[in-house]
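Here my numbering is used: the first residue of the sequence shown is 1005, the next is one more, and so on.
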Amino acid sequence: MAHLVNWPGIPPTSVLIPRDYEESHYIKFHTQFPVDLNGAIDEDIYQNTIETINQILHQADEYNLFTFLEGLVACSTFWTIYLCYGSTHARIKRQLDEFLENENTKNYNANGYHINCPLKNGLLFIEISRY
């Protein structure tokens, strides 16, 4: 599923983990270990990283009493509540950024890789850059 980006004449620089569209209601990325990372990143660390990203993004799509009340209060205050209080999506984005920063520092940067936030490309794929 994942593949190495390779342009003619340029050495491969990134591994792309595509989005899994089998469950169309939720944002989810493929958890299959890319062959291109074999030997560079431990497979268990990789699996844990992708599964945690999937769990964090799943929280953004959950509908419960809290998100219902948040929407109701936002409508009734003409969205001015978000000037004082961050939205659920802003909280999830912050949580994802903190997780990726921690994973990069702990597991990926030491091996010459860096995971870019999938929000930067519209949640189409996760890019693991080699540097």
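Don't be surprised by glycine CBs; every beta carbon is placed ideally from N, CA and C.
Go through its chain and collect everything with a Cβ distance to residue i's Cβ below 7 Å, but skip five positions before and after it.
| i | result |
| --- | --- |
| residue 1024 | 1032, 1033 and 1034 |
| residue 1076 | none |
| residue 1059 | none |
| residue 1055 | 1035 |
Quick check on the burial criterion: 16 or more other C-beta atoms within 10 angstroms. Buried or exposed for residue i?
| i | result |
| --- | --- |
| residue 1053 | buried |
| residue 1107 | buried |
| residue 1104 | buried |
| residue 1129 | buried |
| residue 1112 | buried |
| residue 1050 | buried |
| residue 1073 | exposed |
| residue 1040 | buried |
Give the DSSP-derived three-state secondary structure of residue i in the structure shown.
| i | result |
| --- | --- |
| residue 1117 | strand |
| residue 1122 | helix |
| residue 1085 | helix |
| residue 1033 | strand |
| residue 1080 | helix |
| residue 1049 | helix |
Whole angstroms is fine: what's the gap from residue i's alpha carbon to residue j's?
| i | j | result |
| --- | --- | --- |
| residue 1062 | residue 1101 | 15 Å |
| residue 1030 | residue 1048 | 23 Å |
| residue 1068 | residue 1082 | 21 Å |
| residue 1018 | residue 1028 | 26 Å |
| residue 1087 | residue 1121 | 25 Å |
| residue 1013 | residue 1099 | Residue placement at residue 1013 cannot be trusted, given a pLDDT of 46 that sits under 50; what the coordinates show is reported in the next sentence. Their Cα atoms are separated by approximately 38 Å. |
| residue 1026 | residue 1020 | 18 Å |
| residue 1134 | residue 1094 | 28 Å |
Say whether chain D places a C-beta atom closer than 8 Å to the C-beta of residue i.
| i | result |
| --- | --- |
| residue 1125 | Looking for chain D here will not work: only one protein chain is present. |
Assuming residue i is part of the alpha helix (DSSP H), what are its boundary residues?
| i | result |
| --- | --- |
| residue 1134 | It is not in any alpha helix (DSSP H) - residue 1134 instead sits in the beta strand (DSSP E) that spans 1129 to 1134. |
Using C-beta distances below 8 Å, list every residue in its chain close to residue i, excluding the 5 sequence neighbours before and after it, in chain order.
| i | result |
| --- | --- |
| residue 1096 | 1060, 1061, 1063 and 1064 |
So, at 6 Å on beta carbons, what are the nonlocal neighbours of residue i in its own chain, with the 5 sequence-adjacent residues on each side left out?
| i | result |
| --- | --- |
| residue 1132 | 1019, 1117 and 1119 |
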